[in-house]
Each structure stands twice: as structure tokens, then as C-alpha cells.
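Let me begin by presenting the structure, written as C-alpha cells, before commenting on it.
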Amino acid sequence: MSFPSNTPGMLGNTDLTRFDALIIGSGAGGSAAAYALATAGQKVLVLEAGDNHFPGLDAYDDRGGIPWPLYSNDEIKLSLRRFAFQDPLVEPRTFRQTENDVAYTDPDVNVMTRNVGGAAVISSVSYPRFTAVDFRMASALQAAGHLSQYSNTGFADWPLTYDELEPFYAETDVLSGIAGIDPPAEGSDPFQSYRSKPFPLPPQPVMYVARILANGAKQLGYHPFNYPSAIITAPYTADPRPTCVSCGLCTNYGCPRNAKGSPAVTTLRRALLTGNCQLRYNAFATRMMVDGAGRRVTGVEYVDNDGQRQTVTADRVILAASAIESARLCLLSDPSGPGIGNSSGLVGRHLTFHLENIAVGIYKQRVHGERGRSITMGMADFRGINVGGTDVLADRPLGGAIEMGTSSEPIVAARQTLQPEAIGAARLAGVSFKQLIAESPFSGHIAILLMHAEDAPQATNRIDLDPTVRDVFGLPVPRVTYRSHAFELDAVNYYKPLMLQIHEKAGAAYGFFQPFDPAVPSQSRHIMGGLRMGSDPRTSVCDRWGKFHDLDNLYCVDGAVFPTGSGYNPTPTIIAMALRTAGAIVSPGAPERTLRFAR
Amino acid sequence: MAIGAAAGGAAAVFPKHLVRAASPPNLTLPAYGFLTSDELAILDAATAHIVPTDSQPGAHECGVIDYIQNMLSFMPGSDANCDHHVTAADLTATVLSTHGTNTACPSGGDIDGSGVVDAVDVVTAEAAVFNAKPVYGGGPFSDRQPQSHFPTGNTGCTLCHGAPAQTGAPLLLAARSAKVDNYPPNLFTEYLPLPRLRALSWKVRILGAAAVPEVSNNPLATDPKSEVDLRRRYRDGLAALDSISQRKFGKPLVQLTAAQQTTVMDQADQLFVQLLTAHTVEGMLCAPEYGGNRDRLGWQLVGFDGDSQPEGYVVYDPSVPGNYRERPDKPNSGPNPDEDCRGFSKQMNGFLTLIASNDMVQPGKKFSNPYCFDVPAT
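Sequence order for the protein chains is A and B.
Each residue of the first sequence is one higher than the one before, counting from 1 in this note's numbering.
Each residue of the second sequence is one higher than the one before, counting from 600 in this note's numbering.
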């Protein structure tokens, strides 16, 4: 066994040459699957398109811990030059609202990261679960009469229940190190469904800006809660990593001290340390090869960091490249046909985001969003579901959970004031650019309520291949066709005045909304659907275990398989689903036998 | 200068995976910068007009021109042996390229993007190796914050992977055998190498899409709204600013009044002015390792502490309620001790009222009774 790796571009056991499973993508889903398979003794190869910012992730440092990462509180590096993100100058995407429009190239069409560990590495690692009703949303909305006034919504029930997934959520809690408050205690989320095990870590210390917003929400009778987050809040014997010090620059920033329980430092690291896992980074998968009968993926081609094409084989291939890229790879692999696994014609369809609805409050005092963990409080009163999360409410629209916080990045905030509307208003009011920076209303004084409204899935919202634009590999780029449905636009308009009310009660001087323009692509990083799972091969791409209906050895473990998107952050559900799919590979029909912490 | 000797000497100094800013000992190196001193003077005047100096420092004091010069002086072709690291070996490879004998990477070392590897490239290769400018600073910490200002009681070890509490020197620092006090070594200065795709992207940024055939089917690479082709745009944009001010007022930009400068900026290409403004902000508020934000003047102007690791704002301590100890001067969960509730200047309130009533941000509101939570009214 030869690891830690001394080979450039590789982590883990570099001696491995024959693989039981090949996983494309090292994010939340890919890392969880790698963990579950490698700990069960399978030999796993992970291909990651991005760079590695965790040198020695497959090793212990001289104190027996995780070596320090290359992430830092550096706004130029992380936010402006987007150290961890896909780079649109070499990998662009195009966007249009409908089939009839001509797509245009935009620098941010739901751009995700290109890095070992995936997008959760630079997220706020807000890790609430979906609730029981999220797995039967079509039925629940129908019964409550919510769908009668809308046409062409594509809601579907999941081919599994919350109860089936719950043990995998409990496993995710321990693996990721999730902090939170157990119901029914004050500060827990009353709309969450039952948990078989308590949160493994105590709640986060609440930052000032979240206390201000929670104070406003409480006065209106809402139920603000300590947002479940995969951040080390106390010494954690299951996975010893440093405790968080609330350094500030958090969302958009990888954690400089590995306190964030991102996939890299949790599931992926555990997988690498088994000796059964090899990871190749800066390795961009370009194509899957299929046998003559079309039932098996026989190999995967990728481009390495020297620009050379390489081919690898494995008994099983597992897609985990994030929803847009996983669907794209199916299409790229069959350039003259409908795409791999596409007998249903649904590959790429039912793409689903969260309609981000951002209520901005400007406060007279400094609220110090530059300190703390970005998201420490939230509320789910506007999700439109009942206490316990078992049903939708008939008397209000389906909305989304709200994150209370802000991430005060001074350069990003100052550049916001360079928008034409802001420059015009500043000239009218006689405010100089320097005054805007120095008084910093959009930085030091800003508090944000961010609602993740649940989008109605639509078959017309989809990913396909752009006919003209190519990436640096010469491959057609993903073309995203997306238009928000009246279902979620109505919901957002219903909740908007209520969100402003929270700012008012909290003491804000001004409140307004981030402009919403349907012609501008969504910047939501909550990307789901495209390889929808279901029981019927005519109406879904993957089966209830995440295996493609059309193929015997191809699986998907990222958000692409989600039939609906919930109104909570998706990452822990991606992890739990990936653990379940991998569990079903190791132990067919009884994946819960592979659980180690949640049995 | 004997290139080979420089390369050999430097090999011992530079770790393979890192590019350092420091010069090796006993070696005088040419300074390299893309912009000429004349261009820098125009740039200084223009950025100082965007954020002028008054009772508080402006773009000039913050060293914005250094930030922009560093960015433009990044040399995407400096990895002359194509091993994805900029090391002393690239000097040798650049020289080999001038003789046509660079077998590892035949066209490697074309740093200025001229299409041939020549003596200019050799000189700049030295600067690229020994005087490298960062695209990405290293991590995880700078040396600006200590391990802890906290009275940490029994929980001194916040940097040791959740291991039991320890007293004495933090283990991180012992491991890196750096400063003797509680400050970590500055790893922001250990600039990170670029993987292949990033290097191509930065080539597009600095030299333009024409230098990178791989992006010929990407409209963003030639979109004037993208930050691409920066050297040409700065060269042309600064020349245009100079010629407008000479033509209109018969003087260089720096000698004009603020009102005259506004006239010049209004007549210039507005895409260039926007680019300049955006980079001015970056140069004022970046980590100082990128060249700007001199003496952290920019951060002081906006009331930002900068990178706060490894200390942060709280420390875990189970002996206090809520398990966390906060900094008395900068608490995580509340206002600063000296916080006031005065709010904004009259003009700023006017501006915010306009913003809140803009149609695009509906239903925006100016609230009638704002107050400050946990801050006494003034």
C-alpha cells in the first residue's frame, strides 16, 4: 500500500490500478459514496475536475491531525479571483429562458466549484434535512389544492420516504459533524421531521446580525432556530478537528482551519485513509464509453493536468459531478444520439433551483457581519409546511427556509455600489464613491434574510448541449434553459412583505429586495434534477437506488436525482442519498447494514 | 549573469510546490513591471481621482497602483518547462527555448506573448521566478493575527485538532519553527502555482484571447465586459486618458483640478473607467500581499479587521455560558462596546431613500422607527 501520495495530481493509494467503482466528482455525493464503498473494502477511483487545496489530505501531520489547507481569509483569492470556482473564461455556460430564445454566454450560470471536496467546501455548510413531506410533495400539494391554479408543474413524489432515508441522515450527522439544537427545545426548528439521534455537536454561537434578525422574527411570533451546520463547535471525538473561531469570511471561503465539516475533510479523507481509494485531481471527465448492447459503461475518458487524454475502467461508474455536469456528461457521451440512459427522453430535464429571494435590511448601527459564521440562525415559518414537516399547509403558498445573516466582504460590497442604479442614485444624492465605501451601508450595516423558495419542477427547464459555444477541451458547453414558474413567483411575492416586516421589527432603517430579473441566469448553487429518480422508467432516468434504469452499472449520487427540491439546503440530503446508494451497491436491498454510526 | 548559477542556487531555496516572493540571497535582480513610470503616473492620478485623498487616505496612499502593476505583471508564460510550477528550473528552460533546445516544452517561456522566446523573455523569466507576483496568495494564515488574545483558561489549544488542552507554545508554530511569539508565519506570501486551466485563463486575462487558441469558441474571452486582455486595455486606456487631458486642458491628468479630471473621465471609454474603478476598490481593500491596501489603510477606512485567523472572534471554552468566550473589544454576538446609533450622514440617508424606492427592489421601504438592538439610543 502506497500512501500518502507523493505523485503530483494524486491523493490516496497510488498503487491501485483495478477499480470496483469509478466516481466522477469529489463533492458531497461523490465523497460520501467513496467513503461508503472504500470502508466496505471496494477499490475506488475518484476523478476530480478541479485542483486540490488540501495538500496531505490523505496523511496525518506531525501532530496526528489533518494538515493545514490552502484556504484563507483572502477576498481577492476566494471571491474576486474565485480560487475554488469553475472558471468561465475556460469553461463557460450559456443561458436562455425558453426554447425559443437564443442562448447567450454568461459568466455565472449556476457556476459551481472546481476543487477537491466540491461546493460545500466553500459554502456556509448549512446542513438542515429535508422534511417528511418533501418526499411526497406532489401528493401533498395536490391534496391541499395548491396545484389546481397552475399548469405544467412537474412535481413528483420521491420513490422513497423520509423514514427510509432517516438512518442515512443520522449517519450524515456524525460523519459531517453537524451542530444544532434538538427539538422541541427553544431554538430548534419546529418544522423539521423527527430525528432518531440527537445532533452530535452543540449549537453554534449566534452572531450579532442573526440575533438582530431573530429578535425581529420573534416579535412577530415566528420560530427562529439555530441553523444546523457542519461546523465543529466543541471537541469532537468522532472526528477530531479544530473548533471554529467565527473568523468571519465564511460563505464563499474554504475554512482555513478545517473546522467546516466539508466533504473533503470528512467523508473523502476517511475514504483516502482506508487505502482503498485513489483520487486524481485536475482530471476532467470528457466521455463515458458504453458497450455494444448499451447496457454497461466500459470506461471513462478524461483530460489530465498536462492536457493529455487518459482512459480508465471500473466495474461501476458513479456520476457525482453536480447536477448540470452529470447530465451534460450523459449527453456528451452519445454525441450522435439522445444521450446515455435517455430512453425516457428526460435526461437534463426537470432541472430545479431554489428561487433565491433576498430581503436586504440596512441598519443604523454596524451589525458586524464580518465576524461569525455567515449563517447562524434561520426560520422555516415561510416554508408553508406544518410543525413536524409531515404535510403542506393549505392556507399559504409553499415557500422556503430563510437564512438570517450576511457575509460582509468589503470589496464585493463596494463593487455592488458600482451598479448603474446605485451610481445614478449616488450622483442624485450627492454621495461620493469614497463616502459609499467609508460609511459602508452595504457592508458594515447590512443584514440579509435569504429565502430558498422551492421551485416547481418543469420538464422545459433543462440542460442540453450548446450548439456553438465550446469549452477549453473543445466540448459543447451546458446550455441552461430556465424560467421560474408562476408557482414560486407567486409564493415569493406573498412572502416578500412579511420578510420586510421582520426587518422593520428588528430595527432596520431601510429594507428592499435584491432585484429579480428573469433574463439573468440564476446564481443559486442549489442545483437539483436533470437525472430524476422514480419507479417508472418511462417517467424517470434513475431508479430508487440511484442506478440508471437503462444501464446495469451506471449510478448517480448528486442532486441530479432529486425529483423535487424542497425549500431547505440540499447538501446533507445529497450525502444521505449517496450513502444509501453506495450502501445498496455493497448490500443490495439492505443498505442500512452498511451504517456504522446510526444503527 | 550566469543563469545556470542562479538556477542552481535558487533550487535549494524554493520548495518545489511554491513560488515565493523573496529574492534569493546575494543576487541582484531586475525589477519587472509591465507599466512604465509614465503610465504609472497617469494611473496614480486616475485612481486618486476615483478615491481621492481628503481627511482620510485615498487610492494614492493605499498603493492602488502597486496592486494593478502586480496584476498586470503576472507572467502566465513563465512556466517554461511546463511542469505547472514556477521554479528556478524555468530560467534554464527559457534559455533553452531561445536556442530551440527546450525539449520538455518546445515553445515554453514566451512570457511576453510575442510569439518567440527571446532575450526579453529571459530577463523577465528571472523576475517571474524571483520576483513573482501572486494570482493566489497561499494559506491558511497571514502573520497579522496572533494565535489568541483570549484569556483562554484551560482551553489554550485552539489549533491542535481538538486534542486535549495544552499550555505553552502552540503546536502549529513549533511545527513551522517560525516566530517565537504567538503570530504564525505569513503564508499569504507563498504564492500558489496555477493548474493548467487557471494558467490558460490568466493568459486570457493578461494577454487576451488571441494568445490562447483553446478559447476561440468562448464569447466571454473576447467580451469587453469580461476582465480580459488587461495589458492592452490598460496601455490603451491610460494613453487615452492622457491624450484627452492634453487635448482638452493642455496638461497631464495629475495637474488638473478635480472638476477637470471628472470631465476627462466622463469623456473616456466608460468600460475602461469601470474597470479602473473596480480595480481601485480591489487595490484599496485587498490583503496587503497583493501590493495594495498599504499599511492596511483601506481596511481602516471601511472599518474592516481584515483576515482574522487564526485568532478569530470566539474561542471554545466550556467553562463559560454558551461554551464560547468572546473578545471584549470585538464581540461575536453583540455590538462593539463603543458602538453608536447615530446612523448615516444626511446625504447617505438621501441615497438610501432613493435606493429603497427604486422600482427594481420592490417593495422597498424607508422604515419610520429604526432602532439599534442592544445599542443605547443616542
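Even for Gly, the Cβ is constructed at its ideal location relative to N, Cα and C.
Just so you know, these numbers come straight off a predicted model, no measurement behind them.
Any beta carbon of chain D sitting closer than 8 Å to that of residue i?
| i | result |
| --- | --- |
| B:T702 | Structure shown: chain D not included; protein chains present are A and B. |
Could you list which residues in chain B have their beta carbon closer than 7 Å to that of residue i, in chain order?
| i | result |
| --- | --- |
| A:Y71 | G738 and P739 |
| A:S246 | G911, Y912, V913 and N931 |
| A:I362 | L951 |
| A:F83 | Y735 |
Answer yes or no: does any C-beta atom of chain A fall closer than 8 Å to that of residue i?
| i | result |
| --- | --- |
| B:G581 | For chain B, the structure presents residues 600 to 977; residue 581 of chain B sits outside this window and is missing. |
| B:A774 | Model confidence at B:A774 stands at a pLDDT of 35, short of 50, so the residue's coordinates are unreliable; what they give is reported in the following sentence. Chain A, which has a Cβ nearer than 8 Å to the Cβ of B:A774, makes this yes. |
| B:Q860 | no |
| B:N753 | With a pLDDT of 35 at B:N753, under the threshold of 50, the modelled position of that residue is not reliable, and the figure given next carries that caveat. No, no contact with chain A. |
| B:A640 | no |
| B:S719 | For the record, residue 719 of chain B in the displayed sequence is Val; it is not Ser. No, B:V719 lies away from the interface with chain A (no Cβ there is under 8 Å from its Cβ). |
| B:P651 | yes |
| B:G902 | yes |
| B:P784 | no |
| B:F848 | no |
| B:N817 | yes |
| B:F544 | Because chain B in this structure spans residues 600 to 977, residue 544 of chain B falls outside the shown range and cannot be described. |
| B:S825 | yes |
| B:A777 | Reliability fails at B:A777, whose pLDDT of 35 lies under 50, so the model's placement of it is uncertain and the value that follows must be treated cautiously. It does not: the Cβ of B:A777 has no partner Cβ on chain A nearer than 8 Å. |
Find the residues of chain A that neighbour residue i, judging by a C-beta separation of less than 9 Å, and give them in chain order.
| i | result |
| --- | --- |
| B:R804 | L89 |
| B:M947 | A429, V431, Q435, L436, E439 and P441 |
Name, please, each residue of chain A whose Cβ falls closer than 7 Å to the Cβ of residue i.
| i | result |
| --- | --- |
| B:F633 | Simply none; closest approach about 18 Å. |
| B:Y923 | P205 |
| B:S677 | Within chain A, no residue comes near B:S677; the closest Cβ sits about 17 Å away, beyond 7 Å. |
| B:E938 | Q365 and R366 |
Could you tell me whether any Cβ in chain B is nearer than 8 Å to the Cβ of residue i?
| i | result |
| --- | --- |
| A:K218 | no |
| A:F155 | no |
| A:G307 | yes |
| A:T105 | yes |
| A:G261 | no |
So which of the options has the shortest CA-CA distance to residue i?
| i | options | result |
| --- | --- | --- |
| A:A560 | A:T14, A:F548, A:T571 and A:G530 | A:G530 |
| B:P798 | B:V734, B:Q859 and B:T646 | Rather than Pro, the amino acid found at residue 798 of chain B in this sequence is Ala. Among B:V734, B:Q859 and B:T646, the Cα nearest to that of B:A798 is on B:V734. |
| A:E301 | A:T286, A:G292, A:A293 and A:G294 | A:T286 |
| A:G384 | A:H350, A:A140 and A:L279 | A:A140 |
| B:A647 | B:P936, B:A886 and B:G882 | B:G882 |
| A:L147 | A:L393, A:T243, A:Q365 and A:K218 | A:L393 |
| B:H659 | B:M670, B:A645, B:N669 and B:P794 | B:A645 |
| A:M10 | A:R280, A:P224 and A:P256 | A:R280 |
| A:Y227 | A:N461, A:K197 and A:S374 | A:S374 |
| A:T313 | A:T7, A:T17, A:N13 and A:M577 | A:T17 |
| A:A401 | A:A32, A:M499, A:P521 and A:A28 | A:M499 |
| A:G299 | A:V290, A:N305, A:G444 and A:G307 | A:V290 |
| A:C255 | A:A321, A:C330, A:S72 and A:Q219 | A:S72 |
Find the residues of chain A that neighbour residue i, judging by a C-beta separation of less than 8 Å, and give them in chain order.
| i | result |
| --- | --- |
| B:G657 | K434 |
| B:T646 | Per Cβ cutoff of 8 Å: no residues; B:T646 is ~11 Å from chain A at best. |
| B:Q908 | S72, N73, V245, C247, P256 and R257 |
Residue i versus chain B: which residues are under 9 Å apart at the beta carbon?
| i | result |
| --- | --- |
| A:E504 | K964, F966, S967, N968 and P969 |
| A:P198 | Result: empty, since nearest Cβ-Cβ is about 16 Å, beyond 9 Å. |
For residue i, go through chain B and note every residue whose CB falls closer than 8 Å to its CB, in chain order.
| i | result |
| --- | --- |
| A:F513 | V960, Q961, P962 and G963 |
| A:A425 | F950, L953, I954 and N957 |
Hey, is the region 482–500 of chain A in contact with the region 323–340 of chain A, meaning 3+ C-beta pairs nearer than 8 Å? They do not touch, by the three-pair rule.
Any chance you could list the alpha helix (DSSP H) runs of at least 4 consecutive residues sitting entirely within the region 266–304 of chain A, in chain order? Counting whole runs of 4 or more residues, the region 266–304 of chain A contains the alpha helix (DSSP H) stretches 269–273.
Counting pairs of Cβ atoms below 8 Å between the region 500–520 of chain A and the region 534–544 of chain A, do you hit three or more? Two segments are said to touch when three or more pairs of C-beta atoms, one from each, lie closer than 8 Å; by this definition the region 500–520 of chain A does not touch the region 534–544 of chain A.
Which complete alpha helix (DSSP H) runs does the region 434–516 of chain A hold, if anything under 4 residues is left out? The region 434–516 of chain A contains these whole alpha helix (DSSP H) runs: 486–506.
Closer than 8 Å is the cut-off here; do at least three beta carbon pairs connect the region 105–114 of chain A with the region 30–42 of chain A? Judged by Cβ distances under 8 Å, the region 105–114 of chain A makes no contact with the region 30–42 of chain A, as fewer than three pairs qualify.
Evaluate contact between the region 166–184 of chain A and the region 466–474 of chain A, counting only Cβ atoms and requiring at least three cross-stretch pairs below 8 Å. Contact between the region 166–184 of chain A and the region 466–474 of chain A is absent, because fewer than three Cβ pairs lie under 8 Å.
Under 8 Å, with one C-beta from each stretch per pair, do the region 59–77 of chain A and the region 348–363 of chain A reach the 3-pair mark? Touching, no.
Which ranges does the beta strand (DSSP E) cover as unbroken runs of at least 3 residues, wholly within the region 70–145 of chain A, from first to last along the chain? Annotation note: the region 70–145 of chain A contains the following uninterrupted beta strand (DSSP E) runs of length 3 or greater, listed N- to C-terminal: 93–96 and 104–106.
Restricting to runs no shorter than 4 residues, where is the alpha helix (DSSP H) found entirely within the region 311–368 of chain A? Listed in chain order, they are 323–332.
Does the region 233–240 of chain A come within contact of the region 419–433 of chain A, defined as at least 3 CB pairs closer than 8 Å? A contact is defined here as three or more CB-CB pairs under 8 Å, and the region 233–240 of chain A fails this definition with respect to the region 419–433 of chain A.
Please list the segments of the beta strand (DSSP E) lying wholly inside the region 869–921 of chain B, counting only runs of 3 or more residues, in order along the chain. DSSP runs (the beta strand (DSSP E)) wholly in the region 869–921 of chain B: 913–915.
Between the region 486–505 of chain A and the region 114–121 of chain A, do at least 3 Cβ pairs fall closer than 8 Å? The way I'd put it, the region 486–505 of chain A doesn't touch the region 114–121 of chain A; fewer than three beta-carbon pairs between them come closer than 8 Å.
If contact is defined by three or more beta carbon pairs under 8 Å, each pair taking one atom from either stretch, is the region 671–691 of chain B in contact with the region 630–644 of chain B? At 8 Å Cβ cutoff, the stretches touch.
Quick one: which unbroken alpha helix (DSSP H) runs of 4-plus residues sit fully inside the region 786–833 of chain B? Chain order, please. Positions of the alpha helix (DSSP H) runs, each at least 4 residues long and wholly inside the region 786–833 of chain B, are given as 795–806 in order along the chain.
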